[in-house]
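When the letters of the sequence shown are read in order and numbered with this note's numbering, they come out as residues 59 to 582. Ideal Cβ positions, reconstructed from N, Cα and C, are used throughout, including at glycine. Note that this is a predicted model, so its numbers are computed, not measured.
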Amino acid sequence: MKKTQTAFILVLAACCALFLTNLGGRDFWAPDEGDFAQITKELDNDLIVPHLNGEAYGEKPPLFYYAVFACAKLFRWLPEEASMRLASSFAAIAVIVVFFLALKARFGLTRTLYATAMLGLAPLFYWQARYLQVDMVFSAALVVALLFFFQFMETGRKAWYYLFFICLALAFMTKGPLSVALAAPVIVLYCATERRWRPLFNRHTCLGILLFIAIVLPWYLAVYAREGFPYLYENILRQNFLRFFDAWSHKRPFYYYFTTLPLDFFPWSLFLPLGLYAAVRSWKTDRWTRFFTLWFVWFFFFLSLSSGKISKYMLPALPALAVIVSGTITDTRHIYNRIVSTVTAGILAALGIALIVYRTSLYGEFLPERIILGLLAICAGVLIFLSMRLHRARAAFASIAVFMALAYMTGNVSIFEKWNRYKSPKPMALKIRALAGDTVPWVYYGNMRGVYVYYVGRFAVHVEEHDVAGLKELASRRNEFYLLTRGRDADEVTGALPGAAMETEDRIGDTAMVLFRFKRGNSG
């Protein structure tokens, strides 16, 4: 017991260091962070209906915004870039805690530590834990719900079953019907493979469904009373069902996640084939691993069916992956693991050398960090290689984990702050604020980016992308305004507004942004 407690405290401390250190060290980055920050600020004016730039925003249910709002208020002494991101960080820590405790009761401490380390150090999980985005909060509710159901099936305690329905309802209130579409088939498939239907067909299921409805329904009734059916159509039908079958953005082929998941779960993804092979071989005898295998396979299949795909959508599948890989990652009897570990050592050593010697003048301000990361990678590669030669698979695993943790901490302390100067929209927003002041209107032309509204501190007049007629109509009503748009749309602006003169141009990340000043009478 003392060993478990010590391990738990160390895991919790590591998570706090990875997910909380210098959380406010960079500004909000476009596109999503600034949108969610601005939506959260506007909750001060309306707690029922989320708004962005003064307009009702129906893409997601409100739970994520409420969580961010609560963190911003409770930790108001922190910069908002830190306090608002705490919602994602706390959600990630909650996943790690419940994941650790659930696995410890079934798989033992050693395998639990492997799985927990792999999950917390997966690049996608780490990044989402420090990013103001809905996906970590949604994943936390969904993952914890499935872990509670797993506990219920193993112990028979009804409290776990009711907690499952509560967390599933919270996931629904974060991202809508997707939560049920992901969780319900896993449960049905698992019960089918177990040939155990009795836990589902009883009064507790009916009561759980009623509890689910009691959590979900009030907000939908309230928002319907305020905004009517169009808001619900956007929130439920368009953003879920229509987007699934015919997405208007991020359309990717069926095999898309085969290309992104290996990097999002690197380097543990290199060990996945053997983990899946072992899970299939033990399908009949190891029901615990079977549950997580069904979890991963269904999530991967269902999300691959969707016409719209983004790599972060696979976030709630990572805990299942970690369990699958944890069963075999230190097994040196298989030549596959020995080969993959050697390949991993080679990759890290080569990466380290490249960081130190290749094009060091490129982004020269990152040279100290490149040297640090390069030396860490080389050391990790050497240690992994030596560990495998000595058949010390645990030492090899520890070398990988320590390298990744130190690399992430280097990013937390230094890299992201320096990278911020290339990614932050804040300087452009402050230019708008200085030029327009409190009286001259400012316009955003294109798909709305709330990050500029947030940092300008004033609502924008929004004209949709390619709405040239809207630009002309605006110019007929206004004598003067500032207009921000993407560089690719600059020609449309100058064509529609002869009186527009470019004030400044800046590249923010990969996007060129152009600021114009329009003043009637300047067209001569």
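- Unbroken alpha helix (DSSP H) stretches of 4 residues or longer found wholly inside the segment 491-538: 508-514 and 526-535, given in chain order.
- Of 187, 421 and 163, the smallest CA-CA separation from residue 149 is found for 187.
- Under the three-state reduction of DSSP, residue 566 is assigned to strand.
- Less than 8 Å separates the beta-carbon of residue 404 from that of residue 439.
- Under the three-state reduction of DSSP output, residue 195 falls in the helix class.
- Of the candidates 545, 426, 283 and 119, the residue whose Cα lies closest to the Cα of residue 560 is 545.
- Straight across, the Cα-Cα distance linking residue 466 with residue 253 is about 44 Å.
- Take the alpha-carbon of residue 469 and the one of residue 216: they are about 44 Å apart.
- For the pair residue 348 and residue 136, the Cα-to-Cα distance works out to about 44 Å.
- Residue 243 holds the alpha-carbon nearest to the alpha-carbon of residue 354 among 167, 435 and 243.
- Relative to residue 537, the option among 515, 504 and 500 whose CA is nearest is 500.
- Only buried fits residue 191, as 16 or more other CB atoms lie within 10 angstroms of its CB.
- By the neighbour-count criterion, in which a residue is buried when 16 or more other Cβ atoms sit within 10 angstroms of its Cβ, residue 299 is exposed.
- Membership of residue 180 in any alpha helix (DSSP H) is not indicated, and neither H nor E is assigned to it by DSSP.
- For residue 189, the secondary structure class from DSSP, reduced to helix, strand or coil, is coil.
- Between residue 483 and residue 513 a beta carbon distance of about 7 Å is seen, short of the 8 Å cut, so the two are scored as contacting.
- Between residue 200 and residue 141, the CB-CB gap reaches or exceeds 8 Å.
- Counting C-beta pairs closer than 8 Å gives fewer than three between the segment 406-423 and the segment 378-393, which falls short of the contact rule.
- The beta carbons of residue 321 and residue 228 sit no closer together than 8 Å.
- Inter-residue distance for residue 522 and residue 359 is about 35 Å (C-alpha atoms, whole angstroms).
- Annotation for residue 230: the continuous alpha helix (DSSP H) segment containing it runs 216-233.
- Here the alpha carbons of residue 160 and residue 251 stand approximately 21 Å from one another.
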